[in-house]
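**Q** Structure incoming, see below.
Protein chains: 4
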Amino acid sequence: MTELTAQQVQALIREGLPMAEDLDLRIDQLEPEAVLARVPFHAKLVRPGGTLSGPTIMALADAAMYAVVLGRLGRVEMAVTANLNINFLVKPLPVDLLAHARILRLSRRQAVCEVELYSQGNAEELVAHVTGTYALPLA
Amino acid sequence: MTELTAQQVQALIREGLPMAEDLDLRIDQLEPEAVLARVPFHAKLVRPGGTLSGPTIMALADAAMYAVVLGRLGRVEMAVTANLNINFLVKPLPVDLLAHARILRLSRRQAVCEVELYSQGNAEELVAHVTGTYALPLA
Amino acid sequence: MTELTAQQVQALIREGLPMAEDLDLRIDQLEPEAVLARVPFHAKLVRPGGTLSGPTIMALADAAMYAVVLGRLGRVEMAVTANLNINFLVKPLPVDLLAHARILRLSRRQAVCEVELYSQGNAEELVAHVTGTYALPLA
Amino acid sequence: MTELTAQQVQALIREGLPMAEDLDLRIDQLEPEAVLARVPFHAKLVRPGGTLSGPTIMALADAAMYAVVLGRLGRVEMAVTANLNINFLVKPLPVDLLAHARILRLSRRQAVCEVELYSQGNAEELVAHVTGTYALPLA
Numbered sequence: 000m001t002e003l004t005a006q007q008v009q010a011l012i013r014e015g016l017p018m019a020e021d022l023d024l025r026i027d028q029l030e031p032e033a034v035l036a037r038v039p040f041h042a043k044l045v046r047p048g049g050t051l052s053g054p055t056i057m058a059l060a061d062a063a064m065y066a067v068v069l070g071r072l073g074r075v076e077m078a079v080t081a082n083l084n085i086n087f088l089v090k091p092l093p094v095d096l097l098a099h100a101r102i103l104r105l106s107r108r109q110a111v112c113e114v115e116l117y118s119q120g121n122a123e124e125l126v127a128h129v130t131g132t133y134a135l136p137l138a
Numbered sequence: 000m001t002e003l004t005a006q007q008v009q010a011l012i013r014e015g016l017p018m019a020e021d022l023d024l025r026i027d028q029l030e031p032e033a034v035l036a037r038v039p040f041h042a043k044l045v046r047p048g049g050t051l052s053g054p055t056i057m058a059l060a061d062a063a064m065y066a067v068v069l070g071r072l073g074r075v076e077m078a079v080t081a082n083l084n085i086n087f088l089v090k091p092l093p094v095d096l097l098a099h100a101r102i103l104r105l106s107r108r109q110a111v112c113e114v115e116l117y118s119q120g121n122a123e124e125l126v127a128h129v130t131g132t133y134a135l136p137l138a
Numbered sequence: 000m001t002e003l004t005a006q007q008v009q010a011l012i013r014e015g016l017p018m019a020e021d022l023d024l025r026i027d028q029l030e031p032e033a034v035l036a037r038v039p040f041h042a043k044l045v046r047p048g049g050t051l052s053g054p055t056i057m058a059l060a061d062a063a064m065y066a067v068v069l070g071r072l073g074r075v076e077m078a079v080t081a082n083l084n085i086n087f088l089v090k091p092l093p094v095d096l097l098a099h100a101r102i103l104r105l106s107r108r109q110a111v112c113e114v115e116l117y118s119q120g121n122a123e124e125l126v127a128h129v130t131g132t133y134a135l136p137l138a
Numbered sequence: 000m001t002e003l004t005a006q007q008v009q010a011l012i013r014e015g016l017p018m019a020e021d022l023d024l025r026i027d028q029l030e031p032e033a034v035l036a037r038v039p040f041h042a043k044l045v046r047p048g049g050t051l052s053g054p055t056i057m058a059l060a061d062a063a064m065y066a067v068v069l070g071r072l073g074r075v076e077m078a079v080t081a082n083l084n085i086n087f088l089v090k091p092l093p094v095d096l097l098a099h100a101r102i103l104r105l106s107r108r109q110a111v112c113e114v115e116l117y118s119q120g121n122a123e124e125l126v127a128h129v130t131g132t133y134a135l136p137l138a
């Protein structure tokens, strides 16, 4: 296994997930245990009333989980989301949306992850909180 | 409150959610307690390997929950997703994806919903199962 | 693998889970894909206000999931709960609480289950709805 | 509203929840935003194989969420669990089980909480992770 850079993980996610390309999804930071991902603010993503939609938030959370798995394990392209649970907490602001993902538990068969999502500049007020499980291909 | 037709609910969702327009989301059937929603198969939604992505499935599930709430309560545009839990079960086939949503419990403050997602022609094998809560505006 | 009877599954659960003994947990019906489990009404389980507590409801749901896995796979004593998501819908009545569990998806590595919980005589009004995953020992 | 002490919250939970008394549940620390709760190790709670059962872990998590709500809001005895999602991560050790609960988001109608559970002396390895929602009585 070779370690992947943030750029490589970003490219893998965009290749694998057409929606990530539409969202202009970016991986800002990649560490062995944590990832910071971003959806830049674009007017086309915004619902009437001025906020990012729930599905956009879920897509970012899912991509951030995938990124943290790739960052930890390398190129495991067969990893798939098995479960995702999201609580929406406050409306996002009309700015970039950030997702900080970390691995809660890694076993041979799955990675359980947590993602905290927040509006840029407002990290202390979570927009949403996610836990989820990626199933890993058995070696 | 006036009852909404499937067409009206489809239009409300597409106006309120840019991603629904991108997915060409449709409301096939609308009843007081249940909804059948659909994402037609489009090549652009497909991941390498040939299946609809997780975020597409979540977006359909969320829209189906919103539709069943609108179908029951009429025009409650301030209803927002509070929680969504999804289990991904099998890969979707390269056909239309259907979502059958129903209300498990409606109270003054929220609607708890269940959504069963399956590939067209294969209703007995669930692609994903969702439960979620829509918070309702307090009268 | 030999098939287990409802009585055998009930005994396995009570041996494995001291709380099930305290709750006088019973397996009423056992089929390959579904189980009906019961917590008989006992005054000692009741909170002030007269209803079964949340943890009692969760314990019944977890046991019903375990029972449906045992009913399908036989004696897999190493199966463990990996995830459980519960929505509490209405307060239970002061009668027996029933749990109808079924398997949504069985794969080599896990069983995803759904449990509907309701007060005896009131099956059309769910007390709680649960989805959960049992991790299976890899052969 | 008068603030409650850890002892008062512990007493309220034990009065309201017979299972908490059986588990000898304790509130070690109570702060406006966070709580540390404990189930002391007792042999009678242990499954064959030597670990605390899933329902015991869920009962502790639920009590810790209730405690953090009481600690923040004072005596809101009508608060009830609306949703609880738990991921079981590693088996607990044969020692006291601790639960650190905090409020992710408090609104007029609900409190969304997170609970990290771990074996005493092993805080860096989570036994389970919980998110959940308490519905609050509307003023």
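Those protein sequence lines, which keep their order, are chains F, X, B and Y.
The numbers in numbering that gives the first Met the number 0 rise by one with no breaks, and the one at position 89 of the first sequence is 88.
The numbers in numbering that gives the first Met the number 0 rise by one with no breaks, and the one at position 5 of the second sequence is 4.
The numbers in numbering that gives the first Met the number 0 rise by one with no breaks, and the one at position 120 of the third sequence is 119.
The numbers in numbering that gives the first Met the number 0 rise by one with no breaks, and the one at position 19 of the fourth sequence is 18.
Glycine is no exception: its CB is placed at the ideal position from the N, C-alpha and C atoms.
Quick caveat, the model's predicted, so the values are computed rather than measured.
For a test of the three-state rule: what should DSSP assign to E14 of chain Y, helix, strand or coil?
**A** Three-state DSSP puts E14 of chain Y in a helix.
**Q** Mind checking P136 of chain Y: buried by the 16 CB within 10 Å criterion, or exposed?
**A** By the neighbour-count rule (16 or more Cβ atoms within 10 Å), P136 of chain Y is not buried but exposed.
**Q** Entirely within the stretch 91-129 of chain B and at least 3 residues each: give me those beta strand (DSSP E) ranges in chain order.
**A** Runs found: 96-105, 109-118.
**Q** Using the Cβ count rule (16 or more neighbours within 10 Å means buried), how would you classify M77 of chain X?
**A** With fewer than 16 other Cβ atoms within 10 Å, it is exposed.
**Q** Would you mind telling me which residues of chain F sit closer than 9 Å to R108 of chain B, beta carbon to beta carbon, in chain order?
**A** Ordered by position in chain F, the residues that pass the 9 Å Cβ test against R108 of chain B are R108, Q109, A134, L137.
**Q** Kindly indicate which residue of Y:L105, Y:V114, Y:G70, Y:A134 has the alpha-carbon position closest to the one of P31 of chain Y.
**A** Minimum Cα distance to P31 of chain Y is reached at Y:G70.
**Q** Using DSSP bridges, identify the partner residues of Y133 of chain Y.
**A** DSSP, once it has assigned bridges, lists Y:T80, Y:A110 as partnering Y133 of chain Y.
**Q** Restricting to Cα atoms, I'd like to know which of Y:T130, Y:L96, Y:N86 is closest to T55 of chain Y.
**A** Selected option, being the one with the closest Cα: Y:L96.
**Q** Should M64 of chain B and G15 of chain B be called a contact, given that it needs their Cβ atoms to be closer than 7 Å?
**A** Going by C-beta atoms, M64 of chain B is not nearer than 7 Å to G15 of chain B.
**Q** How would you write the range of the alpha helix (DSSP H) that R71 of chain B sits in, first residue to last?
**A** From DSSP, the alpha helix (DSSP H) with R71 of chain B extends over 53-72.
**Q** Exposed or buried, which one is R25 of chain X when buried takes at least 16 other CB atoms within 10 Å?
**A** By the 10 Å Cβ count, R25 of chain X comes out buried.
**Q** Output yes if chain F places a C-beta closer than 7 Å to the C-beta of N86 of chain B; else output no.
**A** Not an interface residue.
**Q** If you pair each beta-carbon of the stretch 106-116 of chain B with each one of the stretch 39-46 of chain B, do three or more pairs fall below 8 Å?
**A** The stretch 106-116 of chain B is not in contact with the stretch 39-46 of chain B.
**Q** For the beta strand (DSSP E) that contains V75 of chain B, what are its first and last residues?
**A** Element bounds for V75 of chain B: n/a, residue is neither H nor E.
**Q** In the DSSP assignment, find the unbroken beta strand (DSSP E) run with A36 of chain F in it and report its ends.
**A** First-last of the beta strand (DSSP E) with A36 of chain F: 33-38.
**Q** So A98 of chain Y contacts chain B; which residues on that side make the cut at Cβ distance below 8 Å?
**A** Within chain B, no residue comes near A98 of chain Y; the closest Cβ sits about 13 Å away, beyond 8 Å.
**Q** Answer yes or no: do D103 of chain X and L92 of chain B have a C-beta to C-beta separation smaller than 7 Å?
**A** At residue 103 of chain X the sequence reads Leu, which differs from the Asp that was named. No; because the gap between Cβ atoms is not below 7 Å, this pair is not in contact.
**Q** Can you list, in chain order, the residues of the stretch 58-77 of chain Y whose Cβ is nearer than 7 Å to any Cβ on chain B?
**A** If the cut-off is 7 Å between Cβ atoms, the stretch 58-77 of chain Y has A58, D61 near chain B.
**Q** Quick one: give me the first and last residue of the beta strand (DSSP E) that L29 of chain X is part of.
**A** Here the beta strand (DSSP E) through L29 of chain X covers 25-29.
**Q** Rounded C-beta distance between V129 of chain B and A60 of chain B? I'm assuming under 8 Å.
**A** About 4 Å separates the two Cβ atoms, so the contact holds.
**Q** Closer than 8 Å by beta-carbon distance: list the chain X residues that pair up with V79 of chain B, in chain order.
**A** What V79 of chain B touches in chain X: nothing, since even the nearest Cβ is about 17 Å away.
**Q** With a cut-off of 8 Å on the beta carbons, I'd call V89 of chain F and V67 of chain F a contact; round off their distance for me.
**A** Actually they do not touch by this definition, with Cβ atoms about 23 Å apart.
**Q** Between T80 of chain X and A110 of chain B, what straight-line distance do the alpha-carbon atoms span, to the nearest angstrom?
**A** Computed Cα separation, rounded: 27 Å.
**Q** On a Cα-Cα basis, can you pick out the residue from Y:I85, Y:A100, Y:A58 that is closest to D27 of chain Y?
**A** Here the closest residue by C-alpha is Y:A100.
**Q** Can you confirm whether H41 of chain X, when its beta carbon is compared against all beta carbons of chain B, has any partner nearer than 7 Å?
**A** H41 of chain X does not count as touching chain B.
**Q** Determine, using beta carbons only, whether V8 of chain X and L22 of chain X come nearer to each other than 7 Å.
**A** Not in contact: V8 of chain X and L22 of chain X (Cβ atoms no closer than 7 Å).
**Q** Which class does V89 of chain Y belong to by DSSP, given the choice of helix, strand or coil?
**A** Coil.
**Q** Counting only beta-carbon atoms, is R104 of chain F nearer than 7 Å to chain Y?
**A** It does: the Cβ of R104 of chain F has a partner Cβ on chain Y nearer than 7 Å.
**Q** Please confirm whether N82 of chain Y and N82 of chain B have their CB atoms less than 7 Å apart.
**A** No, the Cβ-Cβ distance between N82 of chain Y and N82 of chain B is not below 7 Å.
**Q** Within its chain, find whatever has a CB closer than 7 Å to the CB of N121 of chain B; leave out the 5 residues flanking it on each side and keep chain order.
**A** Once the five neighbours on either side are set aside, the close Cβ partners of N121 of chain B are L92.
**Q** Rounded to a whole number of angstroms, what is the C-alpha to C-alpha distance between R107 of chain B and R74 of chain Y?
**A** If I take the Cα positions, the gap works out to 48 Å.
**Q** Taking the alpha carbon of T50 of chain F as the point to measure from, which residue in F:A62, F:P17, F:V94 has its own alpha carbon closest?
**A** Of F:A62, F:P17, F:V94, the residue nearest in Cα terms is F:V94.
**Q** Out of X:L29, X:M18, X:A19, point me to the one whose CA is closest to L3 of chain X's CA.
**A** Here the closest residue by C-alpha is X:L29.
**Q** Please confirm if T130 of chain Y has its CB atom under 7 Å from at least one CB of chain F.
**A** By this cut-off, T130 of chain Y is an interface position.
**Q** For the candidate residues Y:L72, Y:E123, Y:G53, whose alpha-carbon lies nearest to that of I12 of chain B?
**A** Of the candidates Y:L72, Y:E123, Y:G53, the one whose C-alpha sits nearest the C-alpha of I12 of chain B is Y:G53.
**Q** Give the straight-line distance between the Cα atoms of N84 of chain B and A98 of chain B, rounded to the nearest whole angstrom.
**A** Taking the straight line from one Cα to the other gives about 15 Å.
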